[in-house]
Amino acid sequence: MADLRIYNVVILGLGFLLIFTAFTTCGNIEQTIVKSLDNDTFTGSGYHSLGIIYGIFSFSNLLAPTVVAIIGPQFTMFFSGILYSGYVAVFITPSTWSFYFTSVLIGIGAAMLWTAQGHFLVENSDASTINRNTGMFWALLQCSMLFGNLYIYFDWNGRIEISDRSRKTIFIGLLVTSVLGTLSFLALRKTFPTEEEMLNEEEGQPLLSSRTMYKQRANSAVQDAKSEFKTILQLLKTKTILLLSCCMAYSGLELSFYSGVYGTCIGATTEFGVAAKGLIGISGIVVGIGEIVGGGVFGLVCKNNSFRRTSVVFLGMVVHFVAFYLIYLNIPDDAPVVLKTSTLNKPYLTPSISIALLCSFLLGLGDSCFNTQLYSILGRVYAEQSAPAFAIFKFIQSIFAAVAFFYSGYLLLTWQLLIMVTLGFTGTLCFFMVERIQNFSVDLQQEY
1 MADLRIYNVV
11 ILGLGFLLIF
21 TAFTTCGNIE
31 QTIVKSLDND
41 TFTGSGYHSL
51 GIIYGIFSFS
61 NLLAPTVVAI
71 IGPQFTMFFS
81 GILYSGYVAV
91 FITPSTWSFY
101 FTSVLIGIGA
111 AMLWTAQGHF
121 LVENSDASTI
131 NRNTGMFWAL
141 LQCSMLFGNL
151 YIYFDWNGRI
161 EISDRSRKTI
171 FIGLLVTSVL
181 GTLSFLALRK
191 TFPTEEEMLN
201 EEEGQPLLSS
211 RTMYKQRANS
221 AVQDAKSEFK
231 TILQLLKTKT
241 ILLLSCCMAY
251 SGLELSFYSG
261 VYGTCIGATT
271 EFGVAAKGLI
281 GISGIVVGIG
291 EIVGGGVFGL
301 VCKNNSFRRT
311 SVVFLGMVVH
321 FVAFYLIYLN
331 IPDDAPVVLK
341 TSTLNKPYLT
351 PSISIALLCS
361 FLLGLGDSCF
371 NTQLYSILGR
381 VYAEQSAPAF
391 AIFKFIQSIF
401 AAVAFFYSGY
411 LLLTWQLLIM
421 VTLGFTGTLC
431 FFMVERIQNF
441 SVDLQQEY
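With this note's numbering, letter number 366 in the sequence shown gets 366, and the count goes up by one each step, no holes.
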């Protein structure tokens, strides 16, 4: 049984590794790809597409648990993987309607995929193995930021424009990768029979009543969904969630910036010359390294320690603010909004590749600081209501990521950085207030 559970966790991690190698690479380069298309009929925007994905994802999270409960996590992940593959396939022969239509579908698929992943991981873990299994899955997932971006660097290095042939080659490769990840979910195995199956075996009945079984599952899932929705509404009124919502919102803004906007800015910087397009891939890799370093250090070494939690969030704010200041000096102001593939404005400093990649690392490191500590404090404060609390986190984060993607194509870089600095400072201050409130409550309980 233990070996089967480890097998399932590894296969799950490999499936996500392959699917998100395709998707994260796609998200990192899609605005650059869209700008380089030699197609007068295509009017789509990579920023708008990503905004739609995160917007639909945020609302679909409310319905995803019901779907997973009815059809099971394995087939939910398989179906979601098909939707991810469909989105990647659109870039082989782009059209505006299919681009935005699959953006809606992948937003729905993402909610189902992540809900099913959490359900399946818990099914294959117990109290003594949940940390190990989560770490194994997380390590495999983070590697998805490395491989696809490495290929982009080698293929695009030295290119000024991205040809149709190069685009098709890249996305056919990403499509195959995503399909392999989707098919890997079919290799997952059940670790124990369901409650309905055990009842049927005890009574000696064949599974002819599957229709009734699914109806019972659906009714139970709907009742659970209603109960969880009521809990979410109750938690949204609490002081803790209201304060943490600022920090959650900031995590959404910076998520959109490092995952879709910053790579586009580097690729559009004229002063980087023929190296600019290849640097998009390297930037994605360095962001991933920052995420891995930060998650490993702050997620494991500093967990369950309130003093260190506030220290890590403060460090994350400082790291991000340093990155934003260097980006402000190093990257042209019109980089995110330029209509063609290169910038016209001049930055304050002569753009430096070393500084640009240092900022990529700092963005990944700071993101891991905020996310690991948000998960930590939510798990501590809402230990008995963790699912609704994390649903609120994902909802707020995704909404603000969607908003950021929509304005990223219109606001100059300076204004985007200023918005993140303002909300980042406010979010960090609110996080400190929540920690102080929680520590004060603990002290009162100890006195009485």
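Every residue, glycine too, gets a C-beta built ideally from N, C-alpha and C. All of these numbers come straight from a predicted model, not from anything done at the bench.
Compare the C-alpha of Phe147 against each of Phe16, Val10, Met420, Thr25 and name the closest.
Translated into the one-based positions of the sequence shown, residue 147 becomes position 147. Among Phe16, Val10, Met420, Thr25, the Cα nearest to that of Phe147 is on Thr25.
Through-space distance from Val67 to Ile52, alpha-carbon basis:
As a first step, residue 52 must be located in the sequence shown, where it is residue number 52. As a first step, residue 67 must be located in the sequence shown, where it is residue number 67. The alpha-carbon atoms of Ile52 and Val67 are separated by roughly 21 Å.
State the CB to CB distance for the pair Leu253 and Ile419, rounded to an integer number of angstroms; the pair is presumed to be in contact (CB under 8 Å).
As a working note, residue 253 is residue 253 in the sequence shown. As a working note, residue 419 is residue 419 in the sequence shown. About 7 Å separates the beta carbons of Leu253 and Ile419, which is inside the 8 Å limit, making them a contact pair.
Through-space distance from Leu413 to Pro332, alpha-carbon basis:
Start at 1 with the first residue of the sequence shown, and residue 332 comes out as number 332. Start at 1 with the first residue of the sequence shown, and residue 413 comes out as number 413. Distance between the alpha carbons of Pro332 and Leu413 is about 8 Å.
Is Gln117 closer than 8 Å to Leu12 when the C-beta atoms are compared?
In the sequence shown, counting from the first residue as 1, residue 12 sits at position 12. In the sequence shown, counting from the first residue as 1, residue 117 sits at position 117. If you check the CB distance, Leu12 and Gln117 come in under 8 Å.
Measure the Cβ-Cβ separation of Phe425 and Met317 and say whether it is below 8 Å.
Walking along the sequence shown from the start, residue 425 turns up at place 425. Walking along the sequence shown from the start, residue 317 turns up at place 317. With respect to Met317, Phe425 sits close: the two C-beta atoms are nearer than 8 Å.
So, Thr428 versus Val338, is the Cβ gap smaller than 8 Å?
Against the sequence shown, residue 428 aligns to sequence position 428. Against the sequence shown, residue 338 aligns to sequence position 338. Not closer than 8 Å, so no.
Whole angstroms are fine: how far does the CA of Phe393 sit from the CA of Glu228?
Working through the sequence shown from its first residue, we reach residue 228 at position 228. Working through the sequence shown from its first residue, we reach residue 393 at position 393. C-alpha separation (whole angstroms): 14 Å.
Looking only at C-alpha atoms, which of Ser259, Ala335, Phe321 sits nearest to Phe272?
The sequence position of residue 272 within the sequence shown is 272, counting from 1. Per the Cα distances, Ala335.
Straight-line CA distance for Leu105 to Ala139?
Taking the sequence shown and counting its residues from 1, one reaches residue 105 at position 105. Taking the sequence shown and counting its residues from 1, one reaches residue 139 at position 139. Annotation: Leu105 to Ala139 spans about 27 Å, alpha carbon to alpha carbon.
For Thr422, count neighbouring Cβ atoms within 10 angstroms of its own Cβ and tell me buried if that reaches 16, exposed if not.
Position 422 of the sequence shown holds residue 422. So Thr422 counts as exposed.
Give a yes or no on whether the C-beta atoms belonging to Tyr453 and Phe400 are separated by under 8 Å.
Nothing in the structure corresponds to residue 453, since the chain is present only between 1 and 448.
Look at the Cβ atom of Glu243, then the Cβ atom of Val381, and state whether they are nearer than 8 Å.
As a first step, residue 243 is located in the sequence shown; it is residue number 243 there, counting from the start. As a first step, residue 381 is located in the sequence shown; it is residue number 381 there, counting from the start. In the sequence under discussion, the amino acid at residue 243 is Leu, which differs from the Glu named in the question. No. Outside cutoff.
Quick one: grab the DSSP three-state call for Gly107.
Counting from one through the sequence shown, the residue named residue 107 turns up at place 107. Of the three classes helix, strand and coil, the one that applies to Gly107 here is helix, per DSSP.
Nearer than 7 Å: is that true of the beta carbon of Ser103 relative to any heavy atom of the ligand GTP?
The ligand content of the structure shown is nil, which means the ligand GTP is not present either.
Residue from Lys230, Phe185, Thr41 whose Cα sits closest to the Cα of Trp97
Sequence index remark: in the sequence shown, residue 97 carries index 97 (1-based). Considering only Lys230, Phe185, Thr41, the residue with the shortest C-alpha distance to Trp97 is Thr41.
Sub-8 Å separation of Leu18 and Ser163 beta-carbons:
Against the sequence shown, residue 18 aligns to sequence position 18. Against the sequence shown, residue 163 aligns to sequence position 163. Against a cut-off of 8 Å, the Cβ pair of Ser163 and Leu18 comes out as no contact.
Could you check the C-alpha separation between Asp367 and Leu255 for me, to the nearest Å?
The residue labelled residue 367 in the question sits at position 367 within the sequence shown. The residue labelled residue 255 in the question sits at position 255 within the sequence shown. Computed Cα separation, rounded: 7 Å.
Burial state of Ala64 (16 or more Cβ within 10 Å):
Along the sequence shown, read from residue 1 onward, the residue named residue 64 stands at position 64. Residue environment analysis places Ala64 among the buried positions, since at least 16 neighbouring C-beta atoms fall within 10 angstroms of its C-beta.
Please list the terminal residues of the continuous alpha helix (DSSP H) segment that includes Leu243.
One-based indexing of the sequence shown puts residue 243 at position 243. Its alpha helix (DSSP H) spans residues 239-256.
Select from Asn345, Val297, Phe324, Leu329 the residue whose C-alpha is nearest the C-alpha of Thr372.
The residue labelled residue 372 in the question sits at position 372 within the sequence shown. Considering only alpha carbons, the answer is Val297.
To the nearest angstrom, report how far apart Gly290 and Leu186 are at their CA atoms.
By one-based count along the sequence shown, residue 290 stands at place 290. By one-based count along the sequence shown, residue 186 stands at place 186. Distance between the alpha carbons of Gly290 and Leu186: 32 Å.
Three-pair Cβ contact test at 8 Å for the stretch 278-290 versus the stretch 160-179:
No, they do not touch.
For the alpha helix (DSSP H) that contains Tyr382, what are its first and last residues?
Start at 1 with the first residue of the sequence shown, and residue 382 comes out as number 382. Run containing Tyr382: none; DSSP gives neither H nor E here.
Between which two residues does the alpha helix (DSSP H) carrying Cys265 extend?
Within the sequence shown, numbered from 1, the residue matching residue 265 stands at position 265. Note, Cys265: alpha helix (DSSP H), 262-268.
List the endpoints of the continuous alpha helix (DSSP H) containing Ile82.
Within the sequence shown, numbered from 1, the residue matching residue 82 stands at position 82. Per DSSP, Ile82 is one residue of the alpha helix (DSSP H) stretching across 73-90.
How close, in whole Å, do the beta carbons of Gly181 and Gly81 come, if the pair is a contact with beta carbons under 8 Å?
Sequence index remark: in the sequence shown, residue 181 carries index 181 (1-based). Sequence index remark: in the sequence shown, residue 81 carries index 81 (1-based). Between Gly181 and Gly81 a beta carbon distance of about 6 Å is seen, short of the 8 Å cut, so the two are scored as contacting.
What number of angstroms, rounded off, separates the C-alpha of Ile160 from the C-alpha of Tyr87?
One-based indexing of the sequence shown puts residue 160 at position 160. One-based indexing of the sequence shown puts residue 87 at position 87. A direct Cα-Cα distance of roughly 26 Å separates Ile160 from Tyr87.
Under the three-state DSSP convention, the category Gly273 falls into:
Along the sequence shown, read from residue 1 onward, the residue named residue 273 stands at position 273. Looking at Gly273 - three-state DSSP - the assignment turns out to be helix.
When the Cα atoms are used, what is the spatial distance from Cys359 to Pro351?
On the sequence shown, position 359 is the one that residue 359 refers to. On the sequence shown, position 351 is the one that residue 351 refers to. Whole-angstrom Cα-Cα distance: 12 Å.
In terms of residues, what are the limits of the alpha helix (DSSP H) holding Gly181?
Locating residue 181 in the sequence shown gives position 181, where the first residue counts as 1. That run of the alpha helix (DSSP H) goes 164-184.
Do Leu37 and Pro94 have their CB atoms nearer than 8 Å?
Taking the first residue of the sequence shown as position 1, residue 37 is located at position 37. Taking the first residue of the sequence shown as position 1, residue 94 is located at position 94. Yes, these two residues count as a Cβ contact at 8 Å.
Let me check understanding here. Comparing Cα to Cα, which of Val261, Thr102, Tyr54, Ile353 lies closest to Gln31?
Sequence index remark: in the sequence shown, residue 31 carries index 31 (1-based). Among Val261, Thr102, Tyr54, Ile353, the Cα nearest to that of Gln31 belongs to Val261.
Mind checking which residues open and close the alpha helix (DSSP H) that includes Ile160?
Indexing the sequence shown from 1 puts residue 160 at position 160. Boundaries cannot be given for Ile160, as no alpha helix (DSSP H) includes it and DSSP labels it neither H nor E.
Residue range of the unbroken alpha helix (DSSP H) whose run includes Phe59
As a first step, residue 59 is located in the sequence shown; it is residue number 59 there, counting from the start. Note, Phe59: alpha helix (DSSP H), 46-60.
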